[in-house]
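*Asks:* Number 76 in my numbering belongs to position 81 of the sequence shown; there are no gaps in the numbering.
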Amino acid sequence: MSTATAVTDASFEADVLNSEETILVDFWAEWCGPCRAVSPILDQIAAEHSDKIKIVKLNVDENPQTAAKYQITSIPAMKVYRGGEVVKTIIGAKPKAALENDLVDYLG
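1. Identify whether V33 lies in helix, strand or coil by the three-state DSSP scheme.
2. Kindly list the residues whose CB is nearer than 6 Å to the CB of D4, restricted to its own chain and excluding five residues on each side of it in sequence; keep chain order.
3. For E95, report the span of its alpha helix (DSSP H) as first-last.
4. Taking just the CA atoms, how far does V81 sit from A9?
5. If the criterion is Cβ atoms closer than 8 Å, does the pair I48 and L94 meet it?
6. Indicate the three-state DSSP secondary structure (helix, strand or coil) for T84 in the structure shown.
7. Can P29 and G87 be called in contact, C-beta distance under 8 Å?
8. Among V2, G79, A72, L102, which has the Cα closest to the Cα of K89?
9. If you drop the 5 nearest sequence neighbours on each side, which residues of the same chain put their C-beta closer than 6 Å to that of T0?
10. Have a look at the DSSP bridge pairing and note the partners of D21.
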């Protein structure tokens, strides 16, 4: 469905928190319609800005520990991590232009 790499509770620290890259984590679930709507948009952004940001996905149903740790109560939720810290949070499905505007500090 998506070209984004899946991360799990077990791999989150190594894949996201310890990464040198800027990483956007898409917190999603299979049953979430807005999550499915935003997924191809995130794939496009990832393809167009692969040198600036890496996009990964975390299924909140399969990985409840990480979702709870970052207080994910509404999906889709996207969090941008830099140096192991959350630097930006985006809640809800948005059109590509709106997401790119939210991410302008990390794509430029």
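The C-beta atom is built at its ideal place from N, Cα and C for all residues, glycine as well. Because the structure is a prediction, the values reported are computed rather than measured.
*Replies:* Well, looking at it:
1. Residue mapping note: residue 33 aligns to position 38 of the sequence shown, counting from 1. Correct three-state label for V33: helix.
2. Taking the sequence shown and counting its residues from 1, one reaches residue 4 at position 9. The residues are N58, Q60, T61.
3. Residue mapping note: residue 95 aligns to position 100 of the sequence shown, counting from 1. That run of the alpha helix (DSSP H) goes 91 to 97.
4. If you number the sequence shown from 1, residue 9 lands on position 14. If you number the sequence shown from 1, residue 81 lands on position 86. For the pair A9 and V81, the Cα-to-Cα distance works out to about 15 Å.
5. Here residue 48 refers to the residue found at position 53 when the sequence shown is read from its first residue. Here residue 94 refers to the residue found at position 99 when the sequence shown is read from its first residue. Their beta carbons are not under 8 Å apart, which means I48 does not touch L94 by this criterion.
6. Walking along the sequence shown from the start, residue 84 turns up at place 89. If DSSP states are grouped into helix, strand and coil, T84 belongs with the strands.
7. The sequence position of residue 29 within the sequence shown is 34, counting from 1. The sequence position of residue 87 within the sequence shown is 92, counting from 1. A contact, by the Cβ cut-off of 8 Å.
8. Numbered from its first residue, the sequence shown carries residue 89 at position 94. Ranked by Cα distance from K89, the first of V2, G79, A72, L102 is A72.
9. Within the sequence shown, the letter at position 5 stands for residue 0. Excluding sequence neighbours, T0 sits near V51.
10. For the purposes of this step, residue 21 is identified with residue 26 of the sequence shown, where counting begins at 1. Note: D21 sits in a beta bridge opposite K52, M73.
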